[in-house]
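**Q** What follows is a structure written as structure tokens; I'll ask about it next.
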Amino acid sequence: MIKKYLLSVFTVLIAIVLCACQSTSQTHEKKAKEETHNKEENIYAKKRSSGQNDWVEYKGDVAHIFFHPLITDPKVAFTGEANQAKGNNDWMITVEEFKRSLDELHKHHYILIDPHDAYDFNSKPIKKKSLKLPKGKKPLILSIDDMNYYEYMRGNGYADRLVLDKYNHVVSETKGKDGKVTQSESNDIVPILNRFVKEHPDFSLNGQKGVVGLTGYNGVLGYRTNELDSKDYSKRKEQAIKVANAMKRDGWTFASHSWGHIDFANSSYDRIVKDTERWKKEVTPIIGKTDLFIFPHGAQDRGSAGYQYLENKAGFKFLAGVGPNNFTDIGEDSVYQDRVAIDGLNLYDFKYKLKPFVDPDKVYSKEDRSYFKGEKGYK
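Start counting the sequence shown at 0; every next residue gets the next number (numbering that gives the first Met the number 0).
What follows is the structure, given as structure tokens:
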């Protein structure tokens, strides 16, 4: 009887030990998977650049170039409705041309920075910061206008929106004519630049990527968050916030591009105020507060009441337009800077604008552009 009792107790103890070991093993396995996932999730995240003790103070000007959303399917984009095809050819570049642009910018010894790296926006008057960089490197702000994935772009040679993959990396998503939805980490600005900086860490200061200028009239990042009464509004907003947070984790900065993409040089003071308030109401809750502003069309009147409203009341400290060079004015309350576009027109017609940054002939893709049969020159 005693032997049977002891055997039963021993059997129970063995079972308990085995269960405990299995539970511990499962816990360790789960923890290992979580650590691997977290490590993978953060491979593009901002981090302090190495070797800064040997860097030197940079004394020159800060450069600034910008892009529009990338054409993912040149054949579709350049052979559609005539006016849209012309606009695509003039103002946009293809995925291949963007990749070539990054190679060229890297060869020209540029390093990506955040505007806040170069200027002290808390001082009055605003001052340039002491900016230390690797010897021979030149600071570059890279911005992107209209990363909203407007409705007119869908099905016309562009990606549809940005989403997160299983590792919480930002990738593009596109729905084909056959209804099939595909994701890509190689056909849109965010995933391409994330990977490029990972492979070329000397191209970025502390993991900085680009400044994304967003409007609000057609939602943001491919999510129709402008449709406030939609039953899907909360879901769309939540998805957009997750993407925006992942982008900020990876070194992307956001800017206002106005709510309605209005012409600030020809808009009344009241219209500018209403537009800005609407942008802050609808877009700020998704991307967070920003003191960066990018003028739609590059249009502005720096002596106007509307401009003073942006810098004094709306809180924008860095305001950017468009020009043939990087004219920069550091003022009492804000910094104004012209940006140079890397687009079809400047690659084809106005190459001189791009020569400080890239070799236009090495960026321009004759193969991609061969689909366009319209007038290539500026009208």
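By construction, the Cβ of each residue, glycine as well, lies at the ideal position given by its N, Cα and C atoms.
A quick note: this is a predicted structure, and the numbers were derived from the prediction, not measured.
Exposed or buried, which one is A243 when buried takes at least 16 other CB atoms within 10 Å?
**A** Buried, because 16 or more other Cβ atoms sit within 10 Å of the Cβ of A243.
**Q** With contact counted as at least three CB pairs below 8 Å, one residue from each stretch, are the region 218-229 and the region 150-160 in contact?
**A** Touching, yes.
**Q** Would you mind reading off the limits of the alpha helix (DSSP H) that contains T275?
**A** Counting along the chain, the alpha helix (DSSP H) containing T275 begins and ends at 268-281.
**Q** Considering Cα atoms alone, identify which of D358, S48, K46, S203 is closest to I140.
**A** The shortest Cα separation from I140 among D358, S48, K46, S203 belongs to S203.
**Q** Comparing alpha-carbon positions, which option in G297, S257, T283, N345 lies nearest L309?
**A** Nearest option by C-alpha distance: S257.
**Q** Considering only the beta carbon of each residue, do V211 and I112 sit closer than 8 Å?
**A** Not a contact, by the Cβ cut-off of 8 Å.
**Q** Count the other C-beta atoms from every protein chain shown that fall within 10 angstroms of the C-beta of N311, then say buried if there are 16 or more, exposed otherwise.
**A** It is exposed - the Cβ of N311 has fewer than 16 other Cβ atoms within 10 Å.
**Q** Buried or exposed: I42, going by 16 or more other Cβ atoms within 10 Å of its Cβ?
**A** So I42 counts as exposed.
**Q** Starting from the Cα of P133, find the closest Cα among N121, W54, Y148 and give me that residue.
**A** When only C-alpha atoms are compared, the closest one is W54.
**Q** Return the Cβ separation of H67 and W90 in integer angstroms, given the expectation that the two are a contact with Cβ distance under 8 Å.
**A** Their Cβ separation, rounded to whole angstroms, is 6 Å, which keeps H67 and W90 in contact under 8 Å.
**Q** Is it the case that the region 319-331 contacts the region 293-307, given that we only count it when at least three CB pairs across the two stretches are under 8 Å?
**A** Touching, yes.
**Q** Can you pull the DSSP bridge partners for L170?
**A** Looking at the sequence shown, residue 170 is not Leu but Val. Note: V170 sits in a beta bridge opposite V162.
**Q** Counting pairs of Cβ atoms below 8 Å between the region 185-195 and the region 159-170, do you hit three or more?
**A** Flag = yes, the region 185-195 and the region 159-170 touch.
**Q** Let me know the secondary structure DSSP gives R368 once reduced to three states.
**A** Residue state, collapsed to three classes: helix.
**Q** Under 8 Å, do F315 and S333 count as touching if we go by C-beta distance?
**A** Cβ distance < 8 Å, so F315 and S333 count as in contact.
**Q** Run through DSSP, which three-state label would I363 get?
**A** Correcting the residue identity first, residue 363 is Tyr in this sequence and not Ile. If DSSP states are grouped into helix, strand and coil, Y363 belongs with coil.
**Q** Judging by CA-CA distance, which residue of D159, L69, R235, R160 is the nearest neighbour of P284?
**A** Residue R235 is the option with its Cα nearest to P284.
**Q** Does the beta-carbon distance from D300 to F263 come in below 8 Å?
**A** Yes, the pair counts as a contact, with Cβ atoms nearer than the cut-off.
**Q** By how many angstroms is the C-alpha of G178 removed from the C-alpha of T93?
**A** Cα-Cα distance, rounded: 23 Å.
**Q** So, T289 versus A254, is the Cβ gap smaller than 8 Å?
**A** The answer is yes: Cβ separation under 8 Å.
**Q** Does DSSP classify A44 as helix, strand or coil?
**A** A44: coil per DSSP, three-state reduction.
**Q** Using only the heavy atoms of the ligand SAM, determine whether one of them is closer than 7 Å to the beta carbon of A313.
**A** By its list of ligands, the structure shown contains no ligand whatsoever, and the ligand SAM lies outside what it can speak to.
**Q** Which class does E310 belong to by DSSP, given the choice of helix, strand or coil?
**A** In this structure, E310 counts as helix in the three-state DSSP scheme.
**Q** What whole-angstrom Cβ distance do N88 and G343 have, given they're in contact under 8 Å?
**A** Going by Cβ atoms, the distance from N88 to G343 rounds to 5 Å, so yes, they are a contact pair.
**Q** For Q182, which residues does DSSP report across the bridge?
**A** DSSP, once it has assigned bridges, lists E172 as partnering Q182.
**Q** Of the choices D164, V189, A298, whose alpha-carbon is the least far from that of E40?
**A** Of the listed residues, the one whose Cα sits closest to E40 is D164.
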